[in-house]
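Residue numbers (the numbering used here): 1 to 309. By construction, the Cβ of each residue, glycine as well, lies at the ideal position given by its N, Cα and C atoms. Every value quoted in this text rests on a predicted model; they were computed, and no experiment measured them. Working notes, structure below.
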Amino acid sequence: MPQSVITNDDLSQIVDTNDEWISSRTGIKERRIAREETLASLGSEAAKNALENANMKPEDIDLIIVATMSGDHSLPNAAGEIQKEIKAVNAVCFDLNAACTGFVFALNTAQAYIKAELAKNVLVIGADVVSKQIDWNDRSTCVLFGDGAGAAVVTADTTGIMGIAAYSDGAKGDVLTCKLRPINNSLRKDPVDVDYIKMEGQEVFKFAVKKVPESILAVLEQAKVGIEEVDLFVLHQANSRILQSVSKRLQVPMEKIPMNLDRFGNTSAASVPILLDELNRKGAIKPKDKIILSGFGGGLTWGSTLIEW
Ligand code: COA
1 MPQSVITNDD
11 LSQIVDTNDE
21 WISSRTGIKE
31 RRIAREETLA
41 SLGSEAAKNA
51 LENANMKPED
61 IDLIIVATMS
71 GDHSLPNAAG
81 EIQKEIKAVN
91 AVCFDLNAAC
101 TGFVFALNTA
111 QAYIKAELAK
121 NVLVIGADVV
131 SKQIDWNDRS
141 TCVLFGDGAG
151 AAVVTADTTG
161 IMGIAAYSDG
171 AKGDVLTCKL
181 RPINNSLRKD
191 PVDVDYIKME
201 GQEVFKFAVK
211 KVPESILAVL
221 EQAKVGIEEV
231 DLFVLHQANS
241 RILQSVSKRL
251 QVPMEKIPMN
261 LDRFGNTSAA
271 SVPILLDELN
281 RKGAIKPKDK
291 IILSGFGGGL
301 TWGSTLIEW
């Protein structure tokens, strides 16, 4: 995580908002915002920690996938920058953009590469510095997001991914957008604007509370696993009310749906691996536990993956 903590009270000095509004609507109390850190520095730090945790050397890694929508450069890709920093000299490197679903889709991609015997040890990183894509004058979006990175090492094994349900609906992509650099050449005379994240909050909310439970039920059906057999639901950390709604719809107690969004806000592609790492480090995950990982966001994209720890 970046060092700088920005509280709701800090934000109330920047835009017309307050802790009561943000806490009651979202559950977020504070978030980390990058100052000196970059996407590549955060991702590299997470990658080093994951390698240490997995007891592996950088040269053991043959594929690095970075799920991100906010790399430092268009070229080189973030995965290549992280490869350079951690000296994973044997890895193939690419980025994948599926917004807040990115880590889940990247994990699925790692699984596919391993199954096809194209890779053995994959470093999967979810990282975003959304703060640079936010309009800091727009109180309806700037209070929601934070920056961060998380990583996991995925290796060929008998346990692991038990089922995948992944979806996209590009026709509804307009509810959550941020333009890249527009066409700007000598043929164009109109001025070039910088764009920021724009969101129809209620549409995104309605999408999430419907599609997240649907995708969880779909993956459980596919894997022939009952919902009561699932030990933990590690869901994208966008908003506590979304998670409470999922809990109610699926009749799963909130104790099985951990949250850290109060401290980090919505860190986009990083939220699932950051939470998974926190749970792992505090001993909340046991071998053989069944865990749902679920992402949803821009695209629109959404999906759930069932793993056995
Ligand atoms: N502080 C104070 N007031 C705010 C505010 C803020 N930070 N942001 C918006 N408001 C105001 C609005 O201007 C509006 O005022 P008005 O009624 O005078 O026009 C009022 O609060 C209600 O706004 P609304 O957008 O209807 O609120 P909401 O209850 O839908 O909550 C979200 C807004 C964004 C919290 C909610 O829609 C949401 O969580 N959506 C999902 C977003 C998300 O998770 N996106 C990422 C997915 S990956």
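Problem - Neighbour-count burial assignment, residue 183, 16 or more Cβ in a 10 Å radius - result: Counting Cβ neighbours within 10 Å, residue 183 comes out exposed, since fewer than 16 surround it.
Problem - Distance, residue 22 Cα to residue 205 Cα - result: 15 Å
Practice task
Tell me residue 30's beta-bridge partners as DSSP assigns them.
Solution key: 7
Exercise for the section: Indicate, with yes or no, if ligand 1 has a heavy atom lying under 7 Å from the CB of residue 26. Expected result: yes
Exercise for the section: Going by CA-CA distance only, name the one from 299, 52 and 274 that's closest to residue 128. Expected result: 274
Problem - Three or more C-beta pairs below 8 Å linking the stretch 37-56 and the stretch 100-117 - result: Contact between the stretch 37-56 and the stretch 100-117 is absent, because fewer than three Cβ pairs lie under 8 Å.
Problem - Contact check, residue 199 vs residue 176, beta carbons under 8 Å - result: yes
Problem - Sheet register partners of residue 177 (DSSP bridge) - result: 198
Problem - Helix, strand or coil at residue 304 according to DSSP, with G and I counted as helix - result: Looking at residue 304 - three-state DSSP - the assignment turns out to be strand.
Practice task
Just the C-alpha distance for residue 226 and residue 284, rounded to the nearest angstrom, thanks.
Solution key: 21 Å
Handout entry: Separation of residue 237 from residue 65, as counted between CA atoms
Key = 21 Å
Exercise for the section: Specify the secondary structure class of residue 294 as computed by DSSP and reduced to three states. Expected result: Of the three classes helix, strand and coil, the one that applies to residue 294 here is strand, per DSSP.
Handout entry: Supposed close pair residue 7, residue 147 - CB separation, criterion 8 Å
Key = About 15 Å separates the two Cβ atoms, so there is no contact after all.
Practice task
Pick out whichever of 250, 279, 244 and 303 has its Cα sitting closest to the Cα of residue 25.
Solution key: Of the candidates 250, 279, 244 and 303, the residue whose Cα lies closest to the Cα of residue 25 is 244.
Exercise for the section: Rounded to whole angstroms, what's the CA-CA distance from residue 164 to residue 279? Just pull it up for me. Expected result: 22 Å
Exercise for the section: Under 6 Å Cβ to Cβ from residue 150, same chain only, skipping five residues before and after it: list those, please. Expected result: 46, 126, 270, 273, 274 and 277
Practice task
Let me know if residue 251 comes out buried or exposed under the rule of 16 or more other beta-carbons within 10 Å of its beta-carbon.
Solution key: Classification of residue 251: exposed, given that the 10 Å Cβ count is below 16.
Handout entry: Status (buried if at least 16 other CB within 10 Å, exposed otherwise) for residue 152
Key = buried
Practice task
Using three-state DSSP, classify residue 216 as helix, strand or coil.
Solution key: helix
Exercise for the section: Specify, as a first and last residue, the run of the beta strand (DSSP E) that residue 168 falls within. Expected result: 161-168
Problem - residue 211, buried or exposed, once every other Cβ within 10 Å from all chains shown has been counted against 16 - result: buried
Practice task
Tell me, to the nearest whole angstrom, how far the beta carbon of residue 35 is from that of residue 58; I am working on the premise that it is less than 8 Å.
Solution key: Contact flag wrong, Cβ pair sits at about 27 Å.
Practice task
For residue 183, name the three-state secondary structure that DSSP assigns.
Solution key: coil
Problem - Nearest-angstrom beta carbon gap, residue 295 and residue 141 [assumed within contact, 8 Å] - result: The Cβ separation is near 19 Å, so there is no contact.
Handout entry: Own chain residues within Cβ distance below 6 Å of residue 135, not counting five before or after
Key = 196
Practice task
Return yes when at least one heavy atom of ligand 1 lies under 7 Å from the C-beta of residue 264, else no.
Solution key: no
Exercise for the section: Could you tell me whether the stretch 251-264 touches the stretch 29-43, using the rule of 3 or more Cβ pairs below 8 Å? Expected result: yes
Exercise for the section: Return helix, strand or coil for residue 129, following the three-state DSSP convention. Expected result: strand
Practice task
State the DSSP-derived secondary structure class of residue 283, mapped to helix, strand or coil.
Solution key: coil
Exercise for the section: Determine the DSSP secondary structure at residue 252, reduced to helix, strand or coil. Expected result: Three-state DSSP puts residue 252 in coil, outside helix and strand.
Practice task
Can you tell me which of the three DSSP states residue 101 falls into?
Solution key: helix
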